[in-house]
Each structure stands twice: as C-alpha cells, then as structure tokens.
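Trainee: Numbering (my numbering), first residue to last: 1 to 295.
Quick reminder that beta carbons are idealized off the backbone N, C-alpha and C, glycines included.
Bear in mind the structure is a predicted one, so any value in this text is a computation, not a measurement.
Can you read through this structure? Questions will come right after.
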C-alpha cells in the first residue's frame, strides 16, 4: 500500500506511518502466539484467544470460501483439498484419486509445461478435465499463489468481500459488473471541471445517488414516488432529466440540445437499468467538452 493512500483512510503524515507499524506489530504477535508452525489459513483459534484473534478467525471462513490458487509449478497444491479450479465459488477437483496427497504437478507432463491428458481423463471428472485444461500453465517454475478471484486485480477488497458474504454464488453465476459505462466514467475524470462536479457525474453514471428508487432497492422503507412532481418513481434518470422541475432547470441552462456525440456508442448502457440518463450523461460530457474548447 502506498503512503499516499493514508489520506483516504483518515491518517496524515506520521499518524499513518505509526498506524501501519502497529498493524505489523499485531501480526507478529498473532504469528508468535497462535500459528508459529502453520500458515494463517491453517491456524486455529487456540486456548484463551484474545478478542482481536477471535475477530480475525471469524473473518477467515469468508476468505477460505473465496480464495483460489493460481497455479505456478503445482507442487504445493493438493488436487482434492485445495481450491484451484477456475470457477466461482472456487473449489477443488473431483474424481477417482487413490492418493489423497496428490499434487497438481503430477497431472502435468514431466519436463514440459503442459497437461498430461491421459492422467486428467483417468483421474478427474469430464467437467473438471475441461476446467483444468482451460488453465494455461506458466512456462516458468513459479510457486503457486493464493489469489482473490472476485476482483480484477486478484486482490481482496472490502466491497468484493461483502458481495461474497451476502450472495450465494454458484458455479454458473457471474459477478455482476458495477453499473455504468466504463468509457463514460473515464471521460468524466478527464474533464477540466471542479472535482465536486466530476464526483456528482460519476455517481450519476454509477447509480450511486440516493434517490428513492435506489434506497428502496437497498430495502429502505420509503415512498419511491418523486416528492416534487408526485407523478413518477424517483429514479436517478427522473431526478436529473425527466422531472418537470429538472426540465425547467435545463431550459434555463446552456444545455438545451442533446444529441449523439463522441462519448456515446450504439451498444452503450444497453440493459443497464441504473445508468442515469441513458444517452443524456454522455451528451452533457460533449457539451462540457465544447465549453472547454471555446474558452
């Protein structure tokens, strides 16, 4: 973690440095007292555990549920016990295996970084053979690495952890990407406008403005009808563009004509019910671009 991240966590300067040092001290205490001869994932709660260690152990089940092994040389990965197949949720392989301690490297051709298809078909189920073959083996004898497959960078995040904890993910279920078009979001951050306007536009695209409709989707018991016009459901699109009060604001502004521009494409936002304004937000970005070029 870079030092610059500290300001987003509420720490400044030396405060952040000291906080990071304290976290390191705590981890050393936990290792020395509770799992000196084992890994964290293999550790137990132990006798007379501290409140902090019990809290860490409570969250370990979630980690074990979501972690997967990215294969390197396969020497440390157990075929039957470790989660190494590329499915969600991650799981171990199934099949007829007599050696309960068999490692994944034994399913590869010796001296060549490729799968032994004869062994795969003899040992694993047809479904797992296909999953195993979808894994591209590294040309280098790297060590196996534990990853978190629910993020694009394979690193754990609180948001993805919460998603896994609150969803019953099956093999066929795909992770729902965040609302909004990625290219439009990138275009917002490139505009030379006040940061507060950038943040508001981004929240509109991402479906993060707390309108009545969005709050109801989060099980908040409120009336979803717009309290200003009392005619339609208060969605982000309604608040920004469809409401009669919003229309009067747009008429008084310089944003009166909206059309298709460079920030739009034909397939953009198709099926994305939370994207505010559909084609309208990209049109606003085009107008802002035009205003920048004329200044």
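Measuring alpha carbon to alpha carbon, tell me which of 156, 228 and 187 ends up nearest residue 67.
Mentor: The option with the nearest alpha carbon to residue 67 is 156.
Trainee: Starting from the N-terminal side, write out each stretch of the alpha helix (DSSP H) that is 4 residues or longer and does not extend beyond the segment 28 to 66.
Mentor: Correct list: 51 to 66.
Trainee: Residue 84: which of 226, 103 and 44 sits nearest, CA to CA?
Mentor: It is 103.
Trainee: If we require 3 or more residues per run, which beta strand (DSSP E) segments fall completely within the segment 64 to 95?
Mentor: You should have 68 to 70.
Trainee: Quick check on residue 211: buried or exposed, where buried means 16 or more other Cβ atoms within 10 Å of its Cβ?
Mentor: Classification for residue 211: buried.
Trainee: When the Cα atoms are used, what is the spatial distance from residue 62 to residue 221?
Mentor: Cα to Cα, the separation comes out at about 30 Å.
Trainee: Tell me residue 124's beta-bridge partners as DSSP assigns them.
Mentor: In DSSP, residue 124 forms a bridge with 95.
Trainee: Please name the residue in 117, 99 and 77 whose C-alpha comes closest to that of residue 105.
Mentor: Nearest of 117, 99 and 77 to residue 105, Cα basis: 77.
Trainee: Where do the ends of the beta strand (DSSP E) carrying residue 164 lie?
Mentor: Premise fails: residue 164 lies in the alpha helix (DSSP H), 158 to 166, not in any beta strand (DSSP E).
Trainee: Return the residue from the list 57, 86 and 200 that minimises the CA-CA distance to residue 71.
Mentor: For the residues 57, 86 and 200, the minimum Cα distance to residue 71 belongs to 86.
Trainee: If we ignore side chains and look at the alpha-carbon of each, how far apart do residue 124 and residue 142 end up?
Mentor: Using only the alpha carbons, I get a separation of about 24 Å.
Trainee: Provide the residue(s) that pair with residue 228 in DSSP beta bridges, ordered along the chain.
Mentor: In the DSSP output, where bridge partners are listed per residue, residue 228 has none listed.
Trainee: With a cut-off of 8 Å on the beta carbons, I'd call residue 150 and residue 160 a contact; round off their distance for me.
Mentor: Sure, about 4 Å apart at Cβ, within 8 Å.
Trainee: With distances taken from CA atoms, which of 96, 34 and 237 is nearest residue 49?
Mentor: Looking at the Cα atoms, 34 is the closest of the given residues.
Trainee: Among the residues of its own chain, which have a CB less than 6 Å from the CB of residue 227, if the five just before and after it don't count?
Mentor: Closer than 6 Å at Cβ, skipping near neighbours: no residue.
Trainee: Bridge partners for residue 115 per DSSP, in chain order?
Mentor: Residue 115 pairs with 108.
Trainee: Among 230, 235, 189 and 191, whose alpha-carbon lies nearest the alpha-carbon of residue 217?
Mentor: Selected option, being the one with the closest Cα: 235.
Trainee: State the DSSP-derived secondary structure class of residue 220, mapped to helix, strand or coil.
Mentor: Of the three classes helix, strand and coil, the one that applies to residue 220 here is coil, per DSSP.
Trainee: Identify whether residue 234 lies in helix, strand or coil by the three-state DSSP scheme.
Mentor: DSSP places residue 234 in coil when its eight states are reduced to three.
Trainee: To which residues of the same chain is residue 31 closer than 6 Å at the C-beta, ignoring the five residues directly before and after it?
Mentor: Same-chain partners within the cutoff: there are none.
Trainee: In or out: residue 238 buried (at least 16 other Cβ within 10 Å) or exposed?
Mentor: Looking at its Cβ environment, which holds 16 or more other Cβ atoms inside 10 Å, residue 238 is buried.
Trainee: Out of 60, 243 and 74, state which residue places its alpha-carbon closest to the alpha-carbon of residue 145.
Mentor: Considering only alpha carbons, the answer is 74.
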